[in-house]
Amino acid sequence: MHTKNEIFIRAEAAEVYGLAAPVERWPEILPHYRWVRVLEDDGEGRRLVEMAALRNFIPVRWRAEQLLFPNVPRIVFRHVGGVTKGMEVEWVFASQGDGVVRVSILHDLERGLAGWPLVGGVVADGVVGPFFVSNIAGKTLGQIKELAEAGVRRRR
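First residue of the sequence shown: 172, per our numbering; consecutive thereafter.
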């Protein structure tokens, strides 16, 4: 399964990264997130986080390792628990000039769904990717855009 969600935001990359990186704050700023619990933190990344969101009314949750690269900027998640165990997620921030950044969230799950050996790839490609992953990532990017651009307007 491979998905890509992308949005253009009228803000600097560092500002958008500053909204996206502290996942422990996501439930405060992203209404579709039910909770994020930082279970282990080594100062450079969250070695283990438990995340829970809603796909409309359907609850989902997983555990992941979060790696932070503020100087790039880039954020990487590796799912280590839940049905999406093994999924790699990358947030890419590409400055477009003139105060605009393209933010992409890439999801890759090579081996299908954990615990579904016979049909995991088909279910990941046909249901989990388009119905859950793309939906939640799209809502996340839309809300991050709204918050970042509101911050830029307030400073003008």
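Glycine residues also receive a C-beta, built at the ideal position from the N, C-alpha and C atoms.
Proximal residues to residue 317 (C-beta, below 6 angstroms), its chain only, five neighbours per side dropped: none
So for residue 310, helix, strand or coil by DSSP? helix
According to DSSP, which residues form a beta bridge with residue 176? 276
According to the Cβ coordinates, are residue 307 and residue 203 closer than 9 angstroms? yes
Between residue 191 and residue 315, what straight-line distance do the alpha-carbon atoms span, to the nearest angstrom? 7 angstroms
Classify residue 211: buried if its beta carbon has 16 or more other beta carbons within 10 angstroms, exposed otherwise. exposed
Count the other CB atoms, across all protein chains shown, that sit within 10 Å of the CB of residue 265; report buried if there are 16 or more and exposed otherwise. exposed
Taking the alpha carbon of residue 198 as the point to measure from, which residue in 178, 179, 224, 184 has its own alpha carbon closest? 224
For residue 281, the three-state DSSP class (helix, strand or coil): coil
When DSSP labels each residue in this structure, what does residue 243 get in the three-state scheme? coil
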